[in-house]
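Single-structure report; data block below.
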Amino acid sequence: MTPEEIRAESSEPAPLPPPAAVSCPDEMTAVTRFKGAYCIDRYEASLVYVSDEARVWPHNDLIDGRERELRAVSVAGRRPQGYISGKQAQAVCAASGKRLCAIDEWATACRGPQRTKYPYGNTRKPNVCNDRFKVLDNHPVPRLFKQHSAPGDDPVLMWHPKFMNDRRLLLMDHTTAPTGSFEGCVNDYGVYDMVGNLHEWVADADGTFMGGFFMDTYQNGEGCEYRTIGHGFDYHDYSTGFRCCKDASWGDAQGAS
Numbered sequence: 003m004t005p006e007e008i009r010a011e012s013s014e015p016a017p018l019p020p021p022a023a024v025s026c027p028d029e030m031t032a033v034t035r036f037k038g039a040y041c042i043d044r045y046e047a048s049l050v051y052v053s054d055e056a057r058v059w060p061h062n063d064l065i066d067g068r069e070r071e072l073r074a075v076s077v078a079g080r081r082p083q084g085y086i087s088g089k090q091a092q093a094v095c096a097a098s099g100k101r102l103c104a105i106d107e108w109a110t111a112c113r114g115p116q117r118t119k120y121p122y123g124n125t126r127k128p129n130v131c132n133d134r135f136k137v138l139d140n141h142p143v144p145r146l147f148k149q150h151s152a153p154g155d156d157p158v159l160m161w162h163p164k165f166m167n168d169r170r171l172l173l174m175d176h177t178t179a180p181t182g183s184f185e186g187c188v189n190d191y192g193v194y195d196m197v198g199n200l201h202e203w204v205a206d207a208d209g210t211f212m213g214g215f216f217m218d219t220y221q222n223g224e225g226c227e228y229r230t231i232g233h234g235f236d237y238h239d240y241s242t243g244f245r246c247c248k249d250a251s252w253g254d255a256q257g258a259s
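Below is the structure:
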């Protein structure tokens, strides 16, 4: 699906479902479209242990080799999980009975019922979402490299995947924010932080993540049209996160029609 096709499909007017027809889990919200309704997490995902959901996996830890121990949750006020690949995100969504969102599902949910470029409207407003828009002040990668590199180290090394997966990056200030803490970064579906905070993987085996992150929501498209295709599905770094989708179930209204 090309960016133009995504834009056209996610710009269609939102059909309204019959009252109480669409049912989603409490942590998700229903999104309607002519293809049919679906559910999407209200917040970017964090991780808990399958064996004990009260145990939260640290948001800045890689999960390589631990995927089967964890599942995705959508919770307000928690730092979202970074350092995760599309393949890993797919697995932890499945562990919670969900799935990664299709590209058009993600874009439709981001644009909201009014089909705007940003969750809150068509024109970017500073400080509404956790995004710094082409401004490199406070970028964690060069800051951490400057703090810990040895004299003579090649600055190119800071953009190597090994350094980009340094868990200290998301312990720095001016990085991710707790989910939902940017209260204006929401649309009428009640979905938060789809622009900025962390990139969000979608269900594309070739590797696509959407929405930008706390340092950029412009370079690869603006707002809900931001789309990165330069990495494989097994790639991860400090900036990669996700949320889950799920097929909607139907209540009494559909059965009575």
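Each residue of the sequence shown is one higher than the last, beginning at 3 in our numbering. Even for Gly, the Cβ is constructed at its ideal location relative to N, Cα and C.
Quick check on DSSP: helix, strand or coil for residue 74? In the sequence shown, the residue the question calls residue 74 occupies position 72. In this structure, residue 74 counts as strand in the three-state DSSP scheme.
Could you check which residue in 107, 60, 163 has the C-alpha nearest to that of residue 206? Walking along the sequence shown from the start, residue 206 turns up at place 204. Comparing Cα-Cα distances from residue 206 to each of 107, 60, 163, the minimum goes to 107.
Sequence-distant residues of the same chain with beta carbon closer than 7 Å to residue 191, five excluded per side: Here the question's residue 191 lines up with position 189 in the sequence shown. Closer than 7 Å at Cβ, skipping near neighbours: 31, 33, 111, 114, 115.
Below 8 Å CB to CB, which residues in the same chain sit around residue 98 once its five sequence neighbours on both sides are set aside? For the purposes of this step, residue 98 is taken as residue 96 along the sequence shown, with counting starting at 1. Counting only Cβ-Cβ distances below 8 Å, and skipping sequence neighbours, we find 73, 74, 75, 246.
I think residue 88 touches residue 203, with their Cβ atoms under 8 Å apart; what is that distance to the nearest whole Å? Your numbering for residue 88 matches position 86 in the sequence shown. Your numbering for residue 203 matches position 201 in the sequence shown. With 8 Å as the limit, residue 88 and residue 203 qualify as a contact, their Cβ atoms being about 4 Å apart.
Nonlocal neighbours in the same chain, by C-beta distance under 7 Å from residue 144, ignoring five residues either side: In the sequence shown, counting from the first residue as 1, residue 144 sits at position 142. So the qualifying residues of the chain are 160.
Count the CB pairs spanning the region 234-242 and the region 209-217 that are closer than 8 Å, and state whether there are at least three. yes
Provide the residue span of the alpha helix (DSSP H) that contains residue 109, from first to last. On the sequence shown, residue 109 is found 107 positions in, with the first residue counted as 1. Residue 109 -> alpha helix (DSSP H) spans 105-113.
Counterpart residues of residue 155 in DSSP-defined beta bridges: The count along the sequence shown starts at 1 and reaches residue 155 at position 153. Paired residues: none, contrary to the question.
Which residue from 189, 156, 220, 84 puts its Cα closest to that of residue 168? Taking the first residue of the sequence shown as position 1, residue 168 is located at position 166. Considering only alpha carbons, the answer is 84.
Is the beta carbon of residue 140 less than 9 Å from the beta carbon of residue 176? Start at 1 with the first residue of the sequence shown, and residue 140 comes out as number 138. Start at 1 with the first residue of the sequence shown, and residue 176 comes out as number 174. Result yes, Cβ atoms of residue 140 and residue 176 sit closer than 9 Å.
Any chain D beta carbon closer than 9 Å to residue 244: Chain labels in this structure do not include chain D; a single protein chain is all it has.
C-beta contact flag for residue 122 and residue 187 at 9 Å: One-based indexing of the sequence shown puts residue 122 at position 120. One-based indexing of the sequence shown puts residue 187 at position 185. The answer is yes: Cβ separation under 9 Å.
Return the residue from the list 53, 117, 119, 129 that minimises the CA-CA distance to residue 217. Residue 217 sits at position 215 when you count from the first residue of the sequence shown. Here the closest residue by C-alpha is 129.
Return the first residue and the last residue of the beta strand (DSSP E) that residue 244 is part of. Taking the first residue of the sequence shown as position 1, residue 244 is located at position 242. Element bounds for residue 244: 242-244.
Within the same chain, show all residues whose beta-carbon is closer than 6 Å to that of residue 189, passing over the 5 residues directly before and after it, in chain order. Stepping through the sequence shown from its first residue, residue 189 is reached at position 187. Excluding sequence neighbours, residue 189 sits near 114, 121.
Contact check, residue 242 vs residue 80 under 8 Å by CB: the rounded distance? To locate residue 242, count along the sequence shown from 1; it is residue 240. To locate residue 80, count along the sequence shown from 1; it is residue 78. At roughly 17 Å, the Cβ-Cβ gap does not stay under 8 Å, so residue 242 and residue 80 are not in contact.
Would you tell me roughly how many angstroms separate the C-alpha atoms of residue 103 and residue 158, rounded to the nearest one? Here residue 103 refers to the residue found at position 101 of the sequence shown. Here residue 158 refers to the residue found at position 156 of the sequence shown. Taking the straight line joining both Cα atoms gives about 34 Å.
Return the chain-ordered list of same chain residues with a C-beta closer than 6 Å to the C-beta of residue 244, the five sequence neighbours on each side being excluded. For the purposes of this step, residue 244 is identified with residue 242 of the sequence shown, where counting begins at 1. Excluding positions up to five away in sequence, the list reads 47, 91, 202, 203.
Per DSSP, which one or two residues make a beta bridge with residue 123? To locate residue 123, count along the sequence shown from 1; it is residue 121. Beta-bridge pairing links residue 123 to 120.
Complete runs of the beta strand (DSSP E) confined to the region 170-251 [at least 3 residues]: 201-203, 242-244, 246-249
Between 226, 55, 71, which lies nearest to residue 126 when the distance is taken from Cα to Cα? Taking the first residue of the sequence shown as position 1, residue 126 is located at position 124. When each option's Cα is compared against that of residue 126, the closest is 226.
Using C-beta distances below 7 Å, list every residue in its chain close to residue 39, excluding the 5 sequence neighbours before and after it, in chain order. Mapped onto the sequence shown, residue 39 falls at position 37. Answer for residue 39: 19, 24, 32, 33, 250, listed in chain order.
Just how far apart, CA to CA, sit residue 154 and residue 61? On the sequence shown, residue 154 is found 152 positions in, with the first residue counted as 1. On the sequence shown, residue 61 is found 59 positions in, with the first residue counted as 1. Approximately 32 Å, taken between the alpha carbons.
How would you call residue 78, buried or exposed, if buried means at least 16 neighbouring beta carbons within 10 angstroms? Along the sequence shown, read from residue 1 onward, the residue named residue 78 stands at position 76. That one is exposed.
Relative to the alpha-carbon of residue 142, which residue among 171, 133, 164 has its alpha-carbon at the smallest distance? As a working note, residue 142 is residue 140 in the sequence shown. Looking at the Cα atoms, 171 is the closest of the given residues.
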